[in-house]
Each structure stands twice: as structure tokens, then as C-alpha cells.
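In my numbering, the protein residues as written are 572 to 725.
Built from N, CA and C at the ideal position, the CB exists for glycine as well.
A short write-up of the structure that comes next.
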Amino acid sequence: MIAIIGGGLIGAAGGFVGTALMTVALMIGQAIGVFDLGAFASIAELIELDELFPQSTLSAIGYFIFLAGGMTAWPLLFASVERYLPGATLSRRGMSFGTVLWTGFVLAFSEALPPLATQRTIALYAGITLLAHWLYGFGLGLVFEYFATRDLLL
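Right under this line is the structure:
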């Protein structure tokens, strides 16, 4: 039981680190005008939280739901499939994992693009979001790698 809890904590820590790194890249994307962090509101709207909370809070609520997924579901999936991914280290396999996750994100969050986006803007959006997912996977894998070589005292 302790090993399961320890593994869950490692996954959550890895997901937090990865999501923090990813957020920096997405904030850069917002600063250069190719991503809108307000798009996270759509996550909250999917589960009809717009009925309970003011519109002004939906982006933050959506981001925290996104963070929760990044700390739970994706680390669990990574732990299950990482041995089948390309890469010599866990951090490199994490980047492969991030690439797989990006394929869904780049389409699902295309509403984060500005209206009438140019080809350059779309290319930058794709590049920034891919970089963000590589950073997520790298951070996730790095934490897994760090704890894989340590004896845990839980």
C-alpha cells in the first residue's frame, strides 16, 4: 500500500513539474499572440461549471482541472506505457509521450488561436504547443527518473 501511495505521489510531483514547465511555454505563446490562456475556460464549460461560477473565473477553474489531469491521469498512463516509448532515458521517453499528447491538444485547443490566424501564427501555435508538450514530458520523465534511482522512505 505504501508503494502505491509513493508511486502516486511521484506521478503527481512529475505531473506538477511538467505542467509548470508547459505553462511557461504557453505563457510565452500568449505573449507573442499565438495562444490564449483563456481557452482553458472551455474545459470548465465542458462540465457545465459555467452554470455555477462567473465567466471571469472559468479560465482559472479550467486551468486547475487541466493541472489535475496533468498530475493524475497522464502520469498514470506514462507509468503504464513508458517502456514502449522511444528514448534511452525516462526524460526522453517523456518527450515522446508529450508528442503523443500534443496531437490531441493541438486540435482541441485550436480555439486558442486568434481569429483569422495567418499561416505564420498557426505554425507558431503548433511549434509553441509542441515545445510545451515536450517540456511537460521532459519534466514528468525527469521526476520519474530521479525517484527511480532513490530509496523512498515513506
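- Message: Measuring only the C-alpha atoms, how far is V605 from Y696?
- Response: Numbered from its first residue, the sequence shown carries residue 605 at position 34. Numbered from its first residue, the sequence shown carries residue 696 at position 125. Using only the alpha carbons, I get a separation of about 5 Å.
- Burial state of Y707, where buried means 16 or more other Cβ atoms lie within 10 Å: Taking the sequence shown and counting its residues from 1, the one referred to as residue 707 is at position 136. Y707 is buried by the Cβ-count criterion.
- Expressed to the nearest angstrom, what Euclidean distance is found between the alpha-carbon atoms of L597 and D722? Here residue 597 is taken as the residue at index 26 of the sequence shown, counted from 1. Here residue 722 is taken as the residue at index 151 of the sequence shown, counted from 1. Approximately 35 Å, taken between the alpha carbons.
- Task: Compute the Euclidean distance between the alpha carbons of T670 and L701, then round it to the nearest angstrom.
- Result: If you number the sequence shown from 1, residue 670 lands on position 99. If you number the sequence shown from 1, residue 701 lands on position 130. For T670 and L701, the distance between alpha carbons rounds to 7 Å.
- Message: Counting C-beta neighbours from all protein chains within 10 Å, is the total for L672 16 or more, i.e. buried, or is it exposed?
- Response: Numbered from its first residue, the sequence shown carries residue 672 at position 101. With 16 or more other Cβ atoms within 10 Å, it is buried.
- Message: Using CA atoms only, rank isn't needed, just tell me which of L678, H704, A644 is closest to I693.
- Response: For the purposes of this step, residue 693 is taken as the residue at position 122 of the sequence shown. Considering only alpha carbons, the answer is L678.
- Message: Taking 8 Å as the threshold (beta carbon to beta carbon), is F611 in contact with chain B?
- Response: The structure shown contains no chain B; it is built from a single protein chain.
- Can you round the beta-carbon distance between L661 and F715 to whole angstroms, since I take them to be within the 8 Å contact cut? Along the sequence shown, read from residue 1 onward, the residue named residue 661 stands at position 90. Along the sequence shown, read from residue 1 onward, the residue named residue 715 stands at position 144. L661 to F715, Cβ: 5 Å. Contact.
- Proximity winner among E622, L617, L648, relative to A583 (alpha-carbon distances): Locating residue 583 in the sequence shown gives position 12, counting from the first residue. Taking only the C-alpha atoms, the option nearest A583 is L648.
- Identity of the residue in F668, F680, G589 nearest E653 by Cα: As a position in the sequence shown, residue 653 is number 82, starting the count at 1. The option with the nearest alpha carbon to E653 is F668.
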